[in-house]
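Working notes, beginning with the structure itself.
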Amino acid sequence: MIEPLILLKAVTKDYNGKVRALDQVSLEVYPGEWAAVMGASGSGKTTLLNMIAALDRPTSGSVRVDGEDLLFLTEEDRARFRREKVGLIFQQFYLIPYLTAVENVMLAQYFHSMADAREAAEALRRVGLGERMGHYPSELSGGEQQRVCMARALINQPKIILADEPTGNLDAENEKTVMEIFHDLHRRGHTLLFVTHDPQIGTQADKIVKLEHGRVLPAFPVKALRSI
Amino acid sequence: MLGRLLIKSLWREKARTALIVLSVATASTLVSAFLNIAFTVTEEMAGELRSFGANIVVVPKSEPLEIVIGGLRFVSPGESAYLEEADLPRLKAIFWRHNIAAFAPFLSRVVEVEGEQALLVGTWFDKDIRIPEGKRFFTFASGAQREAASETETFRTGLKSLSRWWQVEGEWPREDEDGALIGSGLARRLKVGIGGRIRIALEKRSAVLPVRGIARTGGVEEEQIFVHLKLAQDLFGLPGKAEKIQVSALVTPDNALAARASRVDPAKLPLEEYETWYCTPYLGSVIYQIEEAIPNAKGKAIRQVSEAEGAFLARMRLTFILVIAVAILAASLAVMATMVTAIFERRQEIGLMKALGANAKHLGLFFLLEAALTGIGGGIVGYFGGLALVPLLSVRTFSLGGFGLSLSLQAAILPITLLVAVSVALLGSFFPVKEAMRFEPVKTLRGI
Ligand SMILES: Nc1ncnc2c1ncn2[C@@H]1O[C@H](COP(=O)(O)OP(=O)(O)OP(=O)(O)O)[C@@H](O)[C@H]1O
Ligand SMILES: [Mg+2]
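For the record, the sequence lines run as chains A and B. For the first sequence, my numbering assigns the number 1114 to the initial residue and increments by one for each residue that follows. For the second sequence, my numbering assigns the number 54 to the initial residue and increments by one for each residue that follows.
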């Protein structure tokens, strides 16, 4: 029997004891699966991603990723987990302002193992930024910054890719490029979990996790949605 | 990557970097200035001691009976024993002859000068002597033979070379004509100046001498009169005699062997140790060789730097150390204040690095290296700042004058200053950086 790569059991997250961002969320994502997380603004999508990325801890429940119980990891182990197992694409594209595009990608390499300018440049070329490597974040458009973040998330070949609205800021053409990359990653066996508002994009996934007020709605088959 | 990260992040925050560099530079300026002064003073003093000040006094084995009344020494005549002036050149014929830098004989009596009582001291001012041919080869019980350094045939020495720090107004009296050098205190009391004449009387003998120079020494010599030895011998009726010899010898610091030799009779040391001891210029072995060379002589070690001078130095050092400690503390606090805001402003960057998998080691290395780099910058600025400060400090406050530290010591100051500077920067950064390690990435990332 195959173990789920990502396994959440009854995860609840309260902020300040008032706001319940996640409410008894249980979730399974198997190796190689592509899951789309959908839901209204404020429904807890980013919070869910943060739990899986070991960036945040649940108030109750358990989070198991690739055989590691994230609740019981030390800070040092959580850092190791982040740099070795997951690639993160943030909703707001965080880049170091005083580093160029290629240097931002290299930073992830440096924390992981060793910076390699050639490899970093190649990753930027793949997301269509071959001409923009030496530019600083302030000299890039929102969509370009988003793609730098993507190149950075993929540079260390992580097992799990977590993306928060990766196509939110892209025009149709760039969206196509990015989706092709995701399909390619999916084909090569990476496990994908990404947040989207767009049903067009959500339906390209193997399964959809629908969140509403921090709760997972009963799963419904993607095929049914596709046929609408 | 780390290098690029460091340089770019420092460059981006030029103003802040400059502020930290400046804070560190203030403290290291003081450190550099202090080290310069302290090293120079120590070096100068050591140099003076070694080359000019007497560190050995030689007296007759059976000393003359003397009584000190009100700072004046009265010597009972008659059975006192004396050293022979003629034996003095033998000092330059001992094994460590080369290390005998200067010496002068002394013969003194309380005399009457213009109705006042004062000590008249006969000595060599600056005398040419002929050195007797000394033993070239020294044979030891083990059969080993050691050759002593060869020496020139003549040697010029006396009070002038022994007391370089004396300030003499006018000129030193000559060896071949009668004249007096009188202490500044006595000159004031007698109201005589250079070119004046003083009448000296002892019992039935008397002499009238021209004053050639007035000496300021900072010691009891300021109440004394100095004349050439022959004149004193004639006046006292002690031809060819001296009561003591002051010797300036270059010696190496004592070690365990020297300490052992000073406890037991050196002749009772094991043969080999004796030979090593004899052939090393310890204060003890030089004294031992002097006693061998001069009949009826006993050598004693003396300290020429007055206690007061030493105390002043110690006090100065303490003041400096306090000032530096306060400066280091203040600079560290200034660095800390700057770093606290810096870290706060950069919390998002830190959160991002953590989200990308940076651990405490990555972040600590990054921020502490950044601090160390600014520290080195501040240290270099401070090192030169200190050099610029030294002349101001030394002239205005310490009136030490005559600066110019030897290069080897100068070279030692830079690393020490840098070390202090880097420590200040690290000390000031330690707690803010430690705090930064605790930032929760989610919170800092959300907080835009
Ligand atoms: N640090 C926090 N303190 C208090 N409440 C928070 C905090 N972070 C998130 N929340 C709340 O938790 C809920 C879920 O937030 P989350 O960011 O997961 O939503 P989301 O689904 O990603 O929304 P969007 O699509 O707008 O990005 C929201 O109501 C939000 O206000
Ligand atoms: Mg969100």
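Backbone N, C-alpha and C define an ideal beta-carbon position, used for all residues, glycine too.
Notebook entry, point to check: Which residues have their C-beta within less than 5 Å of a heavy atom of ligand 1, listed in chain order?
Noted result: A:Tyr1128, A:Val1132, A:Ala1134, A:Ser1154, A:Gly1155, A:Ser1156, A:Gly1157, A:Lys1158, A:Thr1159 and A:Thr1160
Check: Leaving out the 5 sequence neighbours to the left and right, which residues in its chain are closer than 8 Å to Leu479 of chain B when beta-carbon positions are compared?
Finding: Leu421, Ala424, Ala425 and Gly428
Next item on the list: Pull up the distance between the alpha-carbon of Ala1264 of chain A and that of Arg1177 of chain A, whole angstroms please.
Entry: 26 Å
Margin query: 7 Å is my cut-off, CB to CB: does Pro485 of chain B come that close to chain A?
Written below: no
Item checked: Buried or exposed (CB count within 10 angstroms, at least 16 for buried), Tyr1128 of chain A -> exposed
Check: By Cβ distance below 7 Å, which residues in the same chain neighbour Glu344 of chain B in space, the five residues on each side in sequence not counted?
Finding: Ala350, Lys351 and Gly352
Margin query: Alpha carbons only, please: which of A:Phe1224, A:Gly1155 and A:Ser1175 is nearest the one belonging to Met1164 of chain A?
Written below: A:Ser1175
Notebook entry, point to check: Which value, in whole angstroms, describes the spacing of the CA atoms of Ala354 of chain B and Glu200 of chain B?
Noted result: 26 Å
Next item on the list: Kindly say whether Lys61 of chain B, judged by its beta-carbon, lies nearer than 7 Å to any beta-carbon of chain A.
Entry: yes
Note to self: In the DSSP assignment, the beta strand (DSSP E) including Trp1147 of chain A goes from what residue to what residue?
What the structure shows: Trp1147 to Gly1152
Notebook entry, point to check: Should the region 1278 to 1294 of chain A be regarded as contacting the region 1114 to 1126 of chain A, the criterion being three or more beta carbon pairs within less than 8 Å?
Noted result: no
Next item on the list: Tell me the start and end of each unbroken alpha helix (DSSP H) in the region 1212 to 1296 of chain A that is at least 4 residues and wholly inside, in chain order.
Entry: 1214 to 1225, 1230 to 1239 and 1255 to 1267
Note to self: Under DSSP, the beta strand (DSSP E) around Gly339 of chain B begins and ends at which residues?
What the structure shows: It should be pointed out that residue 339 of chain B corresponds to Val in this sequence rather than to Gly. That residue, Val339 of chain B, is in no beta strand (DSSP E); its alpha helix (DSSP H) goes Leu336 to Ala346.
Margin query: Quick check: what's the CA-CA separation for Arg400 of chain B versus Glu1288 of chain A?
Written below: 31 Å
Next item on the list: Taking only beta carbons into account, state which residues of the region 67 to 78 of chain B come closer than 7 Å to chain A, listed in chain order.
Entry: none
Notebook entry, point to check: Looking at Gly481 of chain B and Ala78 of chain B, is the spacing between their C-beta atoms short of 7 Å?
Noted result: no
Item checked: Assumed close pair Pro226 of chain B, Gly266 of chain B - CB separation to whole angstroms, cut-off 8 Å -> 7 Å
Notebook entry, point to check: Say the cut is 6 Å; is the CB of Gln1204 of chain A nearer than that to a heavy atom of ligand 2?
Noted result: yes
Margin query: Closer than 7 Å between beta carbons: that is the criterion. Which residues of the region 418 to 452 of chain B meet it against chain A?
Written below: none
Notebook entry, point to check: Got a sec? Which residues, its chain only, sit under 6 Å from Arg1196 of chain A by beta carbon, not counting five neighbours each side?
Noted result: Phe1224 and His1225
Check: Which first and last residues belong to the alpha helix (DSSP H) in which Ala309 of chain B is found?
Finding: Ala309 to Arg316
Check: Given that a residue counts as buried once 16 or more other Cβ atoms are within 10 Å of its Cβ, and exposed if not, what is Lys213 of chain B?
Finding: buried
Next item on the list: Name the residue from B:Ile253, B:Glu328 and B:Val443 whose alpha carbon lies nearest to the alpha carbon of Gly503 of chain B.
Entry: In this structure chain B extends from 54 to 501, so residue 503 of chain B is not present and cannot be described.
Margin query: Please tell me whether Gly1302 of chain A and Gly1145 of chain A are closer than 7 Å, where the distance is taken between their beta carbons.
Written below: yes
Check: Which term fits Ser1173 of chain A, buried or exposed, when burial requires 16 or more other beta carbons within 10 angstroms of its beta carbon?
Finding: exposed
Checklist line | Bounding residues of the alpha helix (DSSP H) (the contiguous stretch that carries Ile1209 of chain A) | finding: Looking at the DSSP string, Ile1209 of chain A is not in any alpha helix (DSSP H), and its letter there is neither H nor E.
Item checked: 7 Å Cβ shell around Arg183 of chain B - same chain, five flanking residues per side excluded -> Pro142, Glu206 and Thr207
Notebook entry, point to check: Where does Tyr504 of chain B fall in DSSP's three states?
Noted result: Since the first residue of chain B shown is 54 and the last is 501, residue 504 of chain B is not available in this structure.
Check: Excluding sequence positions up to five away, which residues of its chain have a Cβ less than 8 Å from the Cβ of Ala1134 of chain A?
Finding: Lys1126, Asp1127, Tyr1128, Gly1157, Thr1160 and Gly1327
Check: Residues of chain B with a CB under 9 Å from the CB of Ala1367 of chain A: which are they?
Finding: As shown, chain A starts at 1114 and ends at 1341. That puts residue 1367 of chain A outside it, with no answer to give.
Check: Looking at Phe1307 of chain A and Pro1271 of chain A, is the spacing between their C-beta atoms short of 7 Å?
Finding: no
Check: Listed from N- to C-terminal order along the chain, which residues in the region 387 to 411 of chain B have their beta-carbon within a distance smaller than 9 Å of any beta-carbon of chain A?
Finding: Gln401, Glu402, Gly404, Leu405, Met406, Lys407, Ala408, Leu409, Gly410 and Ala411
Notebook entry, point to check: Are the C-beta atoms of Glu1189 of chain A and some chain B residue less than 7 Å apart?
Noted result: yes
Notebook entry, point to check: Is it the case that the Cβ atoms of Val376 of chain B and Ser76 of chain B are separated by a distance below 7 Å?
Noted result: no
Next item on the list: Enumerate in chain order the residues of its own chain whose CB-to-CB distance from Leu1298 of chain A is below 8 Å, with the five nearest sequence positions on each side excluded.
Entry: Leu1267, Ile1274 and Leu1305
Next item on the list: Decide if Gly1108 of chain A is buried, meaning its Cβ has at least 16 other Cβ atoms within 10 Å, or exposed.
Entry: Any question about residue 1108 of chain A goes unanswered here, given that chain A covers just 1114 to 1341.
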